[in-house]
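Counting from 8, one number per residue, gives the positions in the sequence shown under my numbering.
Built from N, CA and C at the ideal position, the CB exists for glycine as well.
Remember, it's a predicted structure, so these values are computed and weren't measured experimentally.
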Amino acid sequence: MNLKHFCGLNISTSLRVFLLVPWLVILYFGCVQIHHYSSEIQQARQASLSLDISLQIEQLIHELQKERGLTEGFLANNSESYLAVLIKQRNKTDKQLLRFQQLKALFFTSEIPLASIASHQVIKSVYQDAITSSDNIVSQRKSVDLLLGRNYFYFYSDFIDQLIRLISQVQVGFQEIEQSRFSLDFINFIRLQEISGQERGFLNGILNAEQTIVSQLQQVISYGQLQDKLIADLFSLSSGHHQDKLKEHLASPVNTQVFTVRQRIYQKLMREEYIYKLEHELGYGGLIHHFKNYIIRGEPHYLNLFEQRYQMAQHILSAFHKLDDLSAQETLALTQLEQTFAAYRSQLALAKSLKAQGVEIELIDEQVRIDDSDAVNAIGTLHQYGLNIDDKLWWQISSERIALFREISDSIGDEMQSLARKQESSARLNLVIYLSLFAVIFICALYLSFSVVKRIIQKIKSIADAMKQMQIDHKFNQPLAVQGKDEIAEMAAAFNQMLAERIKSEGELKISAAVFKYASEAIMITNENNEIETVNPAFCAISGYSADEVIGQNPNILNSGKHTASFYQAMWQELEQNNCWQGEIWNKRKNGEIYPEFLAISVVKDSHNKPIQYISLFSDITKHKKYEEDIWLQANYDSLTGLPNRKLCLERLHHEVNKNQYHSGHLALLFIDLDRFKNVNDTWGHNSGDELLKLAAIRIRQCLRETDTVARFGGDEFVVILAGTANRFDIERITKNILRSLSAPFHLSNDIDSGGNEAVVSASIGITIAPTDGYEVELLLKNADTAMYQAKESGRNAYKFFTASMNKTVTARMKVELALRRAVKNNEFVLHYQPVVSLKSGNIVGAEALIRWQHPTDGLVYPDSFIAIAEETGLIETIGQWVVMQACKDLKNWHNQGLKLNVAVNVSSRQCKQTSATPIAEVIETALAENDIQPNHLKVEITESLLMDNSKEMISTLQKIRSLGVAIHMDDFGTGYSSLSYLKHFPIDVLKIDRSFIEGAIDDKTDASLVEAVVLIGHSLNLKLVGEGIETQQHFDYLQSLGCDYGQGYHISKPIPAQAFIELCLNKR
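So, in C-alpha cells, the structure goes:
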C-alpha cells in the first residue's frame, strides 16, 4: 500500500494500521535487552575462564623463577648438592609446563572464547612464543649441566616475560571497572615477583661465584630500583586494600633484611667508585701525571693542575673515611695513600725551588723521585673489601619476601574469581526479572493500545458531533484541537480562526507580565515626582528591599554616597535633553553593601511632552568588575610565581628611568639567569621545574627591600630593579645575598618515587647602573644581559658589573658569527684529509675528513675557532651537510682514479637530533645516491658526549644511519664518561683510541694498561680499533704489537688538502 492510498483511508482504519508500530517496537527492544543480559552471562563465564588460565600460568612463572635462581647458584658453585636441589626444582617446573602445554586447546580453538579484546590471533601468537620457549628449556638445561653458555638467565627471564604478556592479553578485556583494576594489580604484583626473582637469582650467582664483578652488583642495585619504582606505582594506582596489604608486607622483618643486603652491596659499590678515582690520581691525568709533567716541562700551569688534583684526592680520601665498617687494614691503606700524595706535594715544592736555582731536569728528577709502590699496594688492600653475605640466608629471605608478594597476588586472584561469579549470578537474576517484566509489559501494551484506539475513534466522533452542534447552536467560544491535515482538522481550524485575535491579545498581556516578573534585570518605575510606583522581583533580589518597603519612596534610598552632586546633575540634564541615560553607577543594598551596577533610564512623556514616568533597568556587574580585575592581573603578573611579568617590569623600569632623569636619581638593574635549570626539567619534569621557579622567586623577593621590584622576565630569567641605589657596596651586598640564597638546595616534592628531590642550582647575575651605563631602557637591559653572560662564562654562580669592554667581546663574537654566515653563503670551507693506515700492512685504507675555513683575510682558520659558534647558532647543520656532500664527492673522485678508499666524517649531536631541519640520515642517503658510492666506504664519527644523551631519538638516528650500511665510529674513546653500556645500546662498529692515551703509553704504565684494555674490549666485542695521535715510530710499533687494526697521526701524515692526499696515495701505491 503506497502513501497515497494510505492517506485515503478513513481515520478509524489508519489508527488500526498504526497499532502495529508500538507492538513491533516493544518486541524489538525486548529482544535487544535479552541479548544484552545473555552477553553479560557469557562475559562473566569468559572472565572466570581467563582467571583460571592466568592463575595456572602464574604457578608456572613461580616455579620458573625458582629454577632460574637455583641455576644461577649452580653455575657459580658447581656443587653436587646444588645440582640435586636444582633437579628437584626442575621436576616441579616440568609438572607446571605440562599443565601449561595442555592449555593449547583453549587458545587454538574458537569454541571457548576468552574475556579479551585482544584478537585471537595475537593471543595465539603470544602463546606459541611461550610454547617455543618451553620446548627450548630442555636444551638450556643440558647446556647448564655441561656448564656451557651464560645466556640461560636471560632465557628464563624472556620466557617469564612472555608468560606475563600472555596473562595481560588474556585479561585485557574485562568489562567491569573494578575487575579491570584488580587485573592490573594482579599483573603488577606478578611483575614485582619477577623483578624480585631476578634480583634473588642474579645475586645468588654472585654470592656463589669465586670473584665478584662490580658491574654485576650494579645490575643487582638496578633490580632493587625497579622494584622500588613498581612499588611506588602500586601505591599510586592499586586498590586501597591492596595497598594496605603491601604496606603490611613491606614492614615485615624479611623486607628489612633484604634492604640490609642491598645496603651492603651499595657500600661495596661506593668503595669501588672511590678506589677507581684514587687509581686515576695515580695514573694518566692524575696528580702524579701533572707532577711528572712539571718535572719534565717546567710549565707553571702544571703546578695549578697538580694542586687541583691533590685537593680532589683529599676530598675522595675524606669521603672514604666516612664510609661504614672500615677495617683497620683499610684505614691503614688510606693513611698510606694520604702520605704518598703529601710526599708528592712536598717534593713538588722542592722541584719548584730547584728549578728556580737552575738545576738540570735529570738532577731534579733524581732528587724528587718517589717510590709509590706502597700506594699501589694500598689500592690493592682497599679492593679486598668483601660482601660477607651468606648465599643460603639470601636465598631464604628473598624467597620469603617473594612469597609475601605472592600472597597478595593470590588474594587478588581469589577476589577476581569471586567478582566474576557475582557478575554471572547478577546477570542471571536480571535476565529472569526482565523476562517476567517484559511479558507483563507486552500484554499490557496490547491491552492499552486497543483501548487507546477505541478512545481516539470515540473522540473523533465526538468532535465531529460537537462541530455539528456548534453550527446548529452558533456557540463558537470553545476552541478545538488542531491535529493533522484531515477533514476534522480543517473543520477545527475554521473554528479556531475566529478566536485567534482575542487569544493573541490575551497572550501579549501575559508575556508583558511574565517579562516584568521573571526578567533577570531589575526594573523600577517612578512617577513624574520621582516616587517609586512598582518594582519587579529582580529589583528586590539585587537591592535587598521588598516591594512594600520601596513603593512611594524616592530612589535616593539606594544612594551609595560615592558620587558627587555634580554627577547626578549631569545625569538629570542628559535625561531632559535625550530622554534617556545609561552608565555605570555605585549603589547601596539594604544591608549597606555597596555594589556596581549598569543603569539605563528612559523617560515616558505624555502628548504634551511632559514626563509622566521614568523606567529604570539595571543589573549587578560585580562579577564583571571582578573579571576585569582578573584580566588586568593576568596581563601584568606571572601566573606561576605571582611576580610582575615582562610587560609590567618594562612599565616600572620606564617609570623609574623617567623619574630618575627628572630628579637626577640612580637605579641598579640586575639580570638573573638560573644555572643548570634545564637539568631539573630534563631529569624530574616540568612540574619540578615550575616548583623550583616558584621557590626561587620567593628567595629573591626575601633578599630585597619593599621598594624594590623583582619580575619574572621569561623562562628561568628574573629582573630586579633597585630604585634609588647607586652605592656599589649596597648593590654587591644584595647580589651576594641573592646568589647565596639561590645556591642553597631546593627541596622539591614532585617526585612520586621517592617522595621528593633535592635540586641544586645557582645563578649568574649581570648588573648595570643608570645613569652611569645609560638611560634608555633597552640599553640597560642589553647591558645587564651582556654582563650576565660574562658572569656565566666566568664559571657561573657569580655576578658581573657591566663594563664597556664587555661590548667589545660581544661585538667580536657577532663579527665571527656574521663572517661565518657569509662563509656558509660563499662556500669558503675546504676539507683536509688525514690518512688512516692498516697497522698490519702499512697501506692507506682511508682518511678522516677535517674541515677548514678559508677566510678571505685571515687565511686558513681551524675548527676550534668557529665550530662552537656554529653549534650555538644552528649553522652546524648546514656546514655538516656540506661536509658530508663534499667528502662523498672527493671519495667518488678517488674511486674514479682507482683508489678504493674509505672516508670518515664527523657528526655533531645537534645533527643527530630529530629537531634538525633535514635528518642526518637523509643527508647521508642523498650524498651516497648522488655520488653512486657504496655505503660501506663512508664512515660516521661520533663522540662520547653525543652518546651521553642516551635518548631514544639518538639511538633511532644512529640505527637509521647504520641501516644504510654506513659504519659508526666512536671518536676519542675513553676521554669522556666512558661506559661499556654505550657499546651495548648503540650500534658502534669502530673504537678510536684517544691520542692522549697513546701519547703517554710509551712511558706511563697506566696509559699503556688503558690502551691494552681498550684493544682487548674492542676485539672481544668484534669491534675494530683505530689508534689516534701516532707521532713516532715507537707509537706505531707499540699499537701494531697490541693487534690494533688501524692508525693515524702526524708520524703517518698531517691533514692535507684533497689533491695532496691523492698524490700521497698514488705515491704509496
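Report task. Give a yes or no on contact between the region 737–748 and the region 704–723, applying the rule of three or more CB pairs nearer than 8 Å. Result -> With the cut-off at 8 Å, the region 737–748 and the region 704–723 touch.
Query raised in the report: Measuring CA to CA, which of L214, G290, F412, G649 is closest to K1012?
Result: Against the sequence shown, residue 1012 aligns to sequence position 1005. The shortest C-alpha to C-alpha distance from K1012 to any of L214, G290, F412, G649 is the one to G290.
**Report entry** Span separating the alpha-carbon of I377 from that of S353
**Finding:** Taking the first residue of the sequence shown as 1, we reach residue 377 at position 370. Taking the first residue of the sequence shown as 1, we reach residue 353 at position 346. One C-alpha to the other measures close to 11 Å.
Query raised in the report: What does a CB cutoff of less than 6 Å around E948 pick up in its chain, not counting 5 residues either side in sequence?
Result: In the sequence shown, counting from the first residue as 1, residue 948 sits at position 941. Short of 6 Å from the beta carbon of E948, and not among the five residues preceding or following it, lie these beta carbons of its own chain, in chain order: A911, N913, H976, D978.
**Report entry** Nearest neighbour of Q941, chosen from R719, K967, N909 [CA to CA]
**Finding:** By one-based count along the sequence shown, residue 941 stands at place 934. With distances taken between CA atoms, Q941 lies nearest to N909 out of R719, K967, N909.
Query raised in the report: Looking only at C-alpha atoms, which of Q391, H328, K299 sits nearest to L355?
Result: As a position in the sequence shown, residue 355 is number 348, starting the count at 1. Per the C-alpha coordinates, the member of Q391, H328, K299 positioned closest to L355 is K299.
Query raised in the report: For the region 683–697 against the region 763–783, are there 3 or more C-beta pairs whose distance is under 8 Å?
Result: Verdict: yes, contact present.
Query raised in the report: Any idea if Y840 is buried or exposed, counting beta-carbon neighbours within 10 angstroms, 16 or more meaning buried?
Result: As a working mapping, residue 840 is identified with position 833 in the sequence shown. So Y840 counts as buried.
**Report entry** Complete runs of the alpha helix (DSSP H) confined to the region 57–142 [at least 4 residues]
**Finding:** Taking only runs of at least 4 residues, the alpha helix (DSSP H) segments lying wholly in the region 57–142 are 87–108, 111–114.
Query - Residue range of the alpha helix (DSSP H) that includes R719 - result: Here residue 719 is taken as the residue at index 712 of the sequence shown, counted from 1. Not the alpha helix (DSSP H): R719 falls in the beta strand (DSSP E), residues 716–721.
Query raised in the report: Tell me which same chain residues have a C-beta within less than 6 Å of the C-beta of I1024, skipping the five on either side of it?
Result: Here residue 1024 corresponds to residue number 1017 of the sequence shown, with the count starting at 1. Excluding residues within five positions, none has a Cβ falling inside 6 Å.
**Report entry** Pairwise C-alpha distance: H322 and K95
**Finding:** Along the sequence shown, read from residue 1 onward, the residue named residue 95 stands at position 88. Along the sequence shown, read from residue 1 onward, the residue named residue 322 stands at position 315. If you take the alpha carbons of K95 and H322, they lie about 53 Å apart.
Query raised in the report: What is the C-beta distance between G212 and G420, in whole angstroms, given that I count them as a contact (C-beta under 8 Å)?
Result: Taking the sequence shown and counting its residues from 1, one reaches residue 212 at position 205. Taking the sequence shown and counting its residues from 1, one reaches residue 420 at position 413. That pair is no contact at about 31 Å.
Query raised in the report: Relative to the alpha-carbon of S360, which residue among V375, I194, A350 has its alpha-carbon at the smallest distance?
Result: Locating residue 360 in the sequence shown gives position 353, counting from the first residue. By alpha-carbon distance to S360, the top candidate from V375, I194, A350 is V375.
Requested in this report: May I ask you to list the residues that DSSP assigns as paired with S769?
Outcome: Mapped onto the sequence shown, residue 769 falls at position 762. Bridge pairing for S769: D682 [DSSP].
Report task. Would you tell me roughly how many angstroms separate the C-alpha atoms of W5 and F836, rounded to the nearest one? Result -> Any question about residue 5 goes unanswered here, given that the chain covers just 8 to 1076.
Query raised in the report: What's the gap between the Cα of E658 and the Cα of A577?
Result: Taking the sequence shown and counting its residues from 1, one reaches residue 658 at position 651. Taking the sequence shown and counting its residues from 1, one reaches residue 577 at position 570. Whole-angstrom Cα-Cα distance: 36 Å.
**Report entry** Reference L624; option with closest CA among L650, I272, V542
**Finding:** Walking along the sequence shown from the start, residue 624 turns up at place 617. Residue V542 is the option with its Cα nearest to L624.
**Report entry** Other residues of its chain near I1063: CB distance less than 8 Å, five sequence neighbours each side excluded
**Finding:** For the purposes of this step, residue 1063 is identified with residue 1056 of the sequence shown, where counting begins at 1. Excluding sequence neighbours, I1063 sits near H839, Y840, Q841, L1071.
Query raised in the report: Hey, V557 and L660: beta-carbon distance below 8 Å or not?
Result: Indexing the sequence shown from 1 puts residue 557 at position 550. Indexing the sequence shown from 1 puts residue 660 at position 653. Taking 8 Å as the Cβ cut-off, V557 and L660 do not qualify as a contacting pair.
Requested in this report: My understanding is that I202 touches Q234, with C-beta atoms under 8 Å, so please give their C-beta distance in whole angstroms.
Outcome: For the purposes of this step, residue 202 is identified with residue 195 of the sequence shown, where counting begins at 1. For the purposes of this step, residue 234 is identified with residue 227 of the sequence shown, where counting begins at 1. Between Q234 and I202 the Cβ distance is about 5 Å, and since that is below 8 Å, they are a contact.
Query raised in the report: Since W860 sits in a beta bridge, which residues does DSSP pair it with?
Result: On the sequence shown, residue 860 is found 853 positions in, with the first residue counted as 1. Paired residue(s): F836, V868.
Query - Nearest residue (CA-CA) to K789, options S801, F808, A51, E535 - result: Position 782 of the sequence shown, counting from 1, holds the residue named residue 789. Among S801, F808, A51, E535, the Cα nearest to that of K789 is on F808.
Query raised in the report: Taking buried to mean at least 16 other C-beta atoms within 10 Å of its own C-beta, is I450 buried or exposed?
Result: Within the sequence shown, residue 450 is the residue found at index 443, counting from 1. Exposed is the call here.
Requested in this report: Return the CA-CA distance between Q641 and V268, expressed in angstroms with no decimal places.
Outcome: Counting from 1 along the sequence shown, the entry for residue 641 is found at position 634. Counting from 1 along the sequence shown, the entry for residue 268 is found at position 261. Rounded to whole angstroms, Q641 to V268 spans 54 Å at the Cα level.
Query raised in the report: Exposed or buried, P603, counting other C-beta atoms within 10 Å across all chains shown (16 or more means buried)?
Result: The residue labelled residue 603 in the question sits at position 596 within the sequence shown. Per the 10 Å Cβ criterion, buried.
Query raised in the report: Closest to K595 by CA distance: which of E581, P562, V610 is it?
Result: The residue labelled residue 595 in the question sits at position 588 within the sequence shown. For K595, the nearest C-alpha among the options comes from P562.
Query raised in the report: Taking C-alpha atoms, which residue in K666, A703, E87, E724 lies nearest to D680?
Result: Against the sequence shown, residue 680 aligns to sequence position 673. For D680, the nearest C-alpha among the options comes from E724.
Query raised in the report: Which runs of the alpha helix (DSSP H) fall wholly inside the region 302–340 and span at least 4 residues, in chain order?
Result: Qualifying alpha helix (DSSP H) stretches, in chain order: 308–328.
Report task. Could you spell out where the alpha helix (DSSP H) holding G887 opens and where it closes? Result -> Here residue 887 is taken as the residue at index 880 of the sequence shown, counted from 1. Run containing G887: 882–903, per the alpha helix (DSSP H) assignment.
Query raised in the report: If we count the other Cβ atoms within 10 Å of its Cβ and call it buried at 16 or more, is G1056 buried or exposed?
Result: Here residue 1056 refers to the residue found at position 1049 when the sequence shown is read from its first residue. So G1056 ends up on the buried side.
Report task. Using the DSSP secondary-structure output, state which residues sit across from W402 in a beta bridge. Result -> Here the question's residue 402 lines up with position 395 in the sequence shown. Note: W402 sits in no beta bridge, so no partner.
**Report entry** Simplified DSSP assignment, three categories, for G204
**Finding:** Here residue 204 is taken as the residue at index 197 of the sequence shown, counted from 1. Reduced to three states, the DSSP call for G204 is helix.
Query raised in the report: Over what stretch of residues does the beta strand (DSSP E) that includes D1044 continue unbroken?
Result: Here residue 1044 corresponds to residue number 1037 of the sequence shown, with the count starting at 1. Taken as a continuous stretch (DSSP letters only), D1044 belongs to no beta strand (DSSP E), being part of the alpha helix (DSSP H) at 1040–1049.
Report task. List the residues that DSSP assigns as beta-bridge partners of A607. Result -> The residue labelled residue 607 in the question sits at position 600 within the sequence shown. Answer is Q589, L624.
Report task. With a 10 Å radius around its C-beta and 16 neighbouring C-beta atoms as the bar for buried, classify V32 as buried or exposed. Result -> One-based indexing of the sequence shown puts residue 32 at position 25. A residue is called buried once 16 or more other Cβ atoms fall within 10 Å of its Cβ, and V32, having fewer, is exposed.
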